[in-house]
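**Student:** Every letter in the sequence shown is one number past the one before it in the working numbering, and letter 66, counting from 1, is 73.
The structure's right below; bear with me while I get my questions together.
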Amino acid sequence: MTFTGEPVRPPEAGRTTRRQLPSFLVIGVLSTLFYLLLYVAARWFTGAQAANLIALAVSAIANTAANRRFTFGITGNEGALRHQLQGAVAFLIGLGLSSGALALLDALVPDASRPVEVAGLVVANGLATVARFLLLKVWVFRGR
């Protein structure tokens, strides 16, 4: 109850989402850049699919941890492992989209350059980002 006797209501979902989106977008851009740098580095010693898996796995762990702290305001270690495991579902969606994009690119343009590979991954990552936010918002960090 408030001082006036009215019940305290949680913030409206739309307002909370509007507050969270800027942080999520900044983390998403930084995570995407980190992912792409890891991908390009890994391509020096492995194929496209393996490089994608390595880069996406490392960046997804960092992304979930950053969103946990900065987007959804959760601090401390309690629930961190559960959140990472739930975030792995978003990772698998992203892996499916990015692996599919690389496979399609390989089928259509077998000798695609690194910039073309990266461009395809940016598109796939954009789609995965939408799915990631929805999963984090409604399942992993619900009620935040």
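Ideal Cβ positions, reconstructed from N, Cα and C, are used throughout, including at glycine.
Nothing here was measured: the structure is a model prediction, and the numbers come from that model.
1) Does the structure place the stretch 131–148 close enough to the stretch 87–99 that three or more beta carbon pairs sit under 8 Å?
2) Going by other Cβ atoms of all chains shown within 10 Å of its Cβ, with 16 needed for buried, is glycine 127 buried or exposed?
3) Just tell me which of Val65, Leu88 and Asn74 has its CA closest to the CA of arginine 139.
4) With a CB to CB cut of under 7 Å and the five nearest residues on each side skipped, what residues in its chain are close to asparagine 70?
5) Flag this pair as yes or no: are the beta carbons of tryptophan 50 and arginine 121 separated by less than 8 Å?
6) Determine the extent of the alpha helix (DSSP H) in which serine 66 is found, giving its start and end residues.
7) Whose C-beta lies closer than 6 Å to the C-beta of leucine 104 among residues of the same chain, with five residues either side of it excluded?
8) Exposed or buried, which one is valine 145 when buried takes at least 16 other CB atoms within 10 Å?
9) Skipping 5 residues on each side, what residues in its chain have a beta carbon closer than 6 Å to that of phenylalanine 77?
10) Residues in its own chain within less than 6 Å of valine 36 by CB, not counting five upstream and five downstream?
11) Could you check if glycine 101 is buried or exposed, using at least 16 other CB atoms within 10 Å of its CB as the buried criterion?
12) Looking at the unbroken alpha helix (DSSP H) that takes in glutamate 85, where does it start and where does it end?
13) How long is the line joining the alpha carbons of alanine 114 and alanine 58, rounded to whole angstroms?
14) Return the chain-ordered list of same chain residues with a C-beta closer than 6 Å to the C-beta of glutamine 93, the five sequence neighbours on each side being excluded.
15) For glutamate 124 and isoleucine 81, what's the separation of their Cα atoms in angstroms?
**Tutor:** Concretely, from the data shown:
1) Pairwise C-beta distances place the stretch 87–99 in contact with the stretch 131–148, as three or more of them are shorter than 8 Å.
2) Glycine 127 comes out buried.
3) Asn74
4) Ile34 and Ser38
5) It should be pointed out that residue 50 corresponds to arginine in this sequence rather than to tryptophan. For arginine 50 and arginine 121, yes; Cβs fall inside 8 Å.
6) 55–73
7) Ala131, Leu134 and Ala135
8) exposed
9) Ser30
10) none
11) That one is buried.
12) Taken as a continuous stretch (DSSP letters only), glutamate 85 belongs to no alpha helix (DSSP H), as it is neither H nor E.
13) 18 Å
14) Cβ contact annotation for glutamine 93 (same chain, cutoff 6 Å, sequence separation greater than five): Val147, in chain order.
15) 35 Å
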